[in-house]
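My numbering puts the first residue of the sequence shown at 3, with every later residue one more than the last.
Glycine included, each C-beta is placed from N, C-alpha and C at the ideal position.
Note that this is a predicted model, so its numbers are computed, not measured.
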Amino acid sequence: MLVSATEMLKKAKAGHYAVGQFNINNLEWTKAILATAQELNSPVILGVSEGAGKYMGGYDVVVGMVNGLIKDQNITVPVALHLDHGSYDHCYKCIEAGFSSVMFDGSHYPIDENVAKTTELVAAAHAKGVSIEAEVGSIGGEEDGVVGAGECADPMECKAIADLGVDFLAAGIGNIHGKYPENWAGLSFETLAAVQEQTGDLPLVLHGGTGIPADMIKKAIELGVAKINVNTECQLAFAEATRKYIEAGKDLEGKGFDPRKLLAPGAEAIKATVKEKMELFGSVNKA
Ligand code: 13P
């Protein structure tokens with residue numbers, strides 16, 4: 003059964019580890035991530051961007067697929083299904099469709115409008131037992147059409163949004179979606195510490211988990227990050243393993259073209275990436 007992300011993230015914050023949000027794109031992704039979480043006895047959050055939801059056929063398809071896998075694959079660790087960078091309308095759609103968690107990305111609105119819309123969505127989500135994440139500041143780079151300048155969050159604005167009753171908060175601290183450029187300045191731990199001081203026990207979220215060095219991840223967790231989002235790294239791992247399979251001509255050997263064979267190395271590569279992240283985040287055996 004899907005659970006909201008509230009309890010698992012409160013536990014993570016208190017226990018000084020982070021739960022991974024891994025974005026899904028299709029059945030292979032979802033199966034690989036759930037199997038790894040179960041194997042490592044780790045809680046997990048499946049992230050779905052609006053673009054990925056559309057690609058998979060719609061939110062009902064996603065909810066049906068995830069619930070079906072949890073049942074048929076005997077997944078017993080806590081799993082949350084979370085809308086990533088949701089617009090106002092899509093938050094409602096996902097709450098209705100059976101997601102257990104949503105993110106309202108109101109970071110591009112003036113703070114007053116972000117506050118008004120977040121307030122309304124907190125009530126709608128909580129009425130259905132759904133957890134809700136909000137964002138202040140912005141995550142740099144681009145993900146599925148969501149573009150951000152990457153400015154650091156204002157800690158007082160974080161407090162204003164935290165006080166609305168959101169369950170966890172994404173604060174921009176110099177993090178970027180996708181690969182980090184050579185000249186990246188790194189995470190602003192100063193901003194993170196100031197946000198944490200204003201938001202107390204509220205679990206903080208670090209987007210753009212791909213390519214952040216291990217020591218920065220550990221420091222971010224020490225400073226109150228309890229959820230880390232990873233998307234691009236699984237895509238890169240999947241693409242590389244699939245390319246190797248094809249370049250080695252394996253799709254031309256026997257029935258190597260069978261999708262169950264062709265996509266297997268990519269799925270294994272996703273599992274290895276998720277395992278590495280869960281170990282780094284400290285969520286192993288925390289189910
Ligand atoms: P990456 O693609 O950089 O891992 O970012 C994922 C993310 O933050 C999803 O919201």
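Assumed close pair residue i, residue j - CB separation to whole angstroms, cut-off 8 Å
i: ALA222; j: LEU208; result: 5 Å
i: THR275; j: ALA228; result: Not confirmed; about 20 Å, so no contact.
i: SER140; j: SER109; result: 5 Å
i: GLY49; j: ASP107; result: With a Cβ gap of about 12 Å, GLY49 and ASP107 do not count as contacting.
i: ILE113; j: ALA162; result: 7 Å
i: ASN185; j: GLY210; result: Incorrect: roughly 16 Å between the Cβ atoms, too far for contact.
i: ASP146; j: GLY53; result: 4 Å
i: LEU36; j: VAL81; result: 7 Å
Length of the line joining the Cα atoms of residue i and residue j
i: VAL64; j: SER190; result: 35 Å
i: HIS128; j: PHE24; result: 23 Å
i: PRO45; j: VAL138; result: 25 Å
i: THR8; j: LEU254; result: 48 Å
i: ALA195; j: GLU115; result: 26 Å
i: LYS15; j: ALA289; result: 14 Å
i: GLU192; j: ILE178; result: 17 Å
i: LEU71; j: ASP62; result: 14 Å
i: ASN233; j: GLY256; result: 33 Å
Cutoff 8 Å; reference residue i; Cβ partners in own chain excluding five residues on either side
i: GLY131; result: SER6 and SER102
i: LEU265; result: GLU30 and THR244
i: GLU328; result: Nothing can be reported for residue 328: it is not among the residues displayed for the chain, which extend from 3 to 289.
i: ALA187; result: GLY176
i: PHE283; result: TYR19, ALA20, VAL21, GLY22, ILE219, ILE223 and ILE230
i: LYS246; result: PRO267
i: LYS95; result: TYR61
Cutoff 7 Å; reference residue i; Cβ partners in own chain excluding five residues on either side
i: VAL197; result: ALA155, PRO157, CYS160, ALA173 and LEU206
i: VAL344; result: Absent from the structure is residue 344, since the part of the chain shown begins at 3 and ends at 289.
i: GLU153; result: GLY139, SER140 and GLY174
i: THR121; result: LEU166
Residues near residue i by beta carbon distance below 6 Å, same chain, minus five either side
i: LYS273; result: ALA34 and THR38
i: GLN200; result: PRO157, CYS160 and LYS161
Minimum C-alpha distance to residue i - residue among the options
i: SER285; options: ILE178, GLY226 and VAL21; result: VAL21
i: GLU278; options: LEU83, ALA187 and ILE219; result: ILE219
i: ALA241; options: ASN27, GLU9 and ILE175; result: ASN27
i: ALA125; options: TYR111, ILE97 and GLY152; result: ILE97
i: LYS13; options: VAL117, VAL68, GLY226 and THR120; result: GLY226
i: MET105; options: GLY258, PHE259, ASP62 and SER51; result: SER51
i: TYR182; options: GLU235, GLU135, ALA136 and GLY202; result: GLU235
i: GLU135; options: LYS95, TYR111, HIS84 and GLY180; result: HIS84
i: ASN69; options: TYR61, LEU4 and LYS95; result: LEU4
i: GLN1; options: ALA271, MET280, VAL117 and PHE259; result: In the structure displayed, the chain extends from 3 to 289; residue 1 sits before or after that span and is not available.
Contact the stretch 163-173 vs the stretch 94-101: 3+ CB pairs below 8 Å = no
Counting pairs of Cβ atoms below 8 Å between the stretch 28-39 and the stretch 88-97, do you hit three or more?
-> Fewer than three pairs of CB atoms, one per stretch, sit closer than 8 Å, so the stretch 28-39 makes no contact with the stretch 88-97.
Spell out a yes or no on whether the stretch 215-234 and the stretch 250-264 are touching, meaning 3 or more CB-CB pairs, one atom from each, closer than 8 Å.
-> no
Kindly confirm or deny that the stretch 74-85 and the stretch 39-53 touch, where touching means at least three C-beta pairs closer than 8 Å.
-> yes
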